[in-house]
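Taking UniProt numbering, the leading residue of the sequence shown gets 1, the next gets one more, and so forth.
Quick notes on the structure that follows.
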Amino acid sequence: MTTASSTLGLPTASPELASRLQDGLAAVDATLRAQVDHEDPFIAEASGHLAAAHGKLFRPLLTLLAAELGSGVNDDVVAAAAGVELTHLASLYHDDVMDEADMRRGVVSANARYGNSTAILVGDLLFGKASAIVAELGPEAVKIQARTFVRLCAGQIKDDRPAPDGADPVDYYLGVLADKTGVLIATAARYGAMFSGCPPETVEIMRRYGERLGVVFQLVDDLIDVTSETGESGKTPGTDLREGVATLPVLYARTSTDPGDARLLELLGQDLRDDELHAEALELLRAHPALDRARERTLEMAREAQDLIDPLGQGPVQDALRALAVSIVQRVR
């Protein structure tokens with residue numbers, strides 16, 4: 001097995017810290033496997049479909065890393081990390097139905113394999129499993145989980161709607177990302193600090209850090225969607241453009257008053273499901289200054305996440321948290 005420092009974007013982690021994180025992730029993974037299992041073979045298969053293709057367990061990693069600011073990983077920290085990941089996993093089943101996705105994490109999506117109704121119900125089942133885990137952690141954890149879920153759903157609803165009249169489109173979009181992606185990552189970091197005995201001030205810092213990190217995570221995904229070549233990122237380049245999703249590069253491009261951008265602006269107002277129009281729009285967007293502007297804004301937010309760690313002082317865990325913010329941005333070529 002490769003080390004946490006090499007696989008999880010923590011190049012500054014000491015061998016001892018990396019080993020503890022790897023052991024913690026193994027415990028989380030074992031918990032997840034037990035939770036997605038079911039006495040009914042079909043339900044067990046459908047529940048485990050996306051779990052079997054899970055990535056690097058980014059959210060559980062953050063829970064475990066935050067716990068290192070306190071007394072370290074314990075059974076409650078592992079349970080909290082598993083609860084967060086199950087919540088995330090459940091949301092993917094629902095996301096794929098809403099997006100009418102065919103692929104997820106390199107495998108056939110659950111809705112394509114089992115149908116929309118089953119995919120929705122499996123997502124609900126996994127939300128129930130997550131809630132059962134969190135309920136064992138006490139009323140405060142339950143309250144946090146409920147509020148997280150409300151914000152997550154609100155973010156998904158707002159993501160399908162344009163910015164209201166008078167609202168700044170970029171600010172609105174960043175707010176959507178904070179809700180639909182940032183809040184669950186914030187809860188992951190918050191739980192780690194909470195259940196390792198950190199003081200309230202540290203718990204709040206980790207919540208704010210996690211939310212900012214979540215926004216960066218999504219912004220990087222948006223950039224990769226524009227910049228990647230076919231096959232590099234696991235999904236077709238320009239998917240957001242094709243689906244009419246106005247991500248940060250598009251929002252910045254739309255503010256241009258340069259007459260030379262007239263064709264790009266025209267394309268961004270059209271249905272880009274046409275292959276030729278889509279390819280032209282993607283080529284123009286890749287060459288547009290809006291892309292560099294979006295990269296800079298993403299890096300700026302990663303630096304803000306790093307700055308939030310400063311009140312926690314210096315140490316190997318703090319260094320790893322700062323490195324994590326940088327490693328996310330480095331995913332963009």
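All residues carry an ideal CB built from backbone N, CA and C; glycine is no exception.
The distance from the Cβ of D179 to that of R151 is about 5 Å, consistent with a contact at the 8 Å cut-off. Linking E283 to R242 through their CA atoms gives a straight-line distance of about 13 Å. In this structure the segment 61 to 74 touches the segment 192 to 202; the number of beta carbon pairs closer than 8 Å is three or more. Inter-segment contact for the segment 106 to 123 and the segment 159 to 175 is absent: fewer than three beta-carbon pairs are separated by less than 8 Å. Taking 8 Å as the cut-off, the beta carbon of V216 is found no closer than this to the beta carbon of V332. Shown here, Q270 sits in coil according to DSSP, grouped into three states, outside any helix or strand. Cβ neighbours of D261 within its own chain (closer than 6 Å, five residues either side excluded): none. Nearest to E45 by C-alpha distance, out of A305, T202 and A119, is A119. Spatial neighbours of N74 in its own chain (CB-CB distance under 8 Å, excluding positions within 5 residues in sequence) are listed in chain order as A67, F195 and S196. A direct Cα-Cα distance of roughly 30 Å separates P259 from D160. When secondary structure is reduced to three states using DSSP, Q330 falls in the coil class, being assigned neither helix nor strand. Look at the segment 56 to 133 and you find these whole runs of alpha helix (DSSP H), each 4 residues long or longer: 58 to 67, 75 to 99 and 110 to 114. With contacts defined as CB atoms closer than 8 Å, L248 and S256 fail to qualify as a contacting pair. Taking the Cβ atoms as the reference, I309 lies roughly 6 Å from R322, within the contact range of under 8 Å. Going by C-alpha positions, G182 is about 10 Å away from T148. For H288, the closest C-alpha among the options V250, Q218, M301 and A79 is that of V250.
Assignment of F195 by DSSP, reduced to helix, strand and coil, places it in the coil class.
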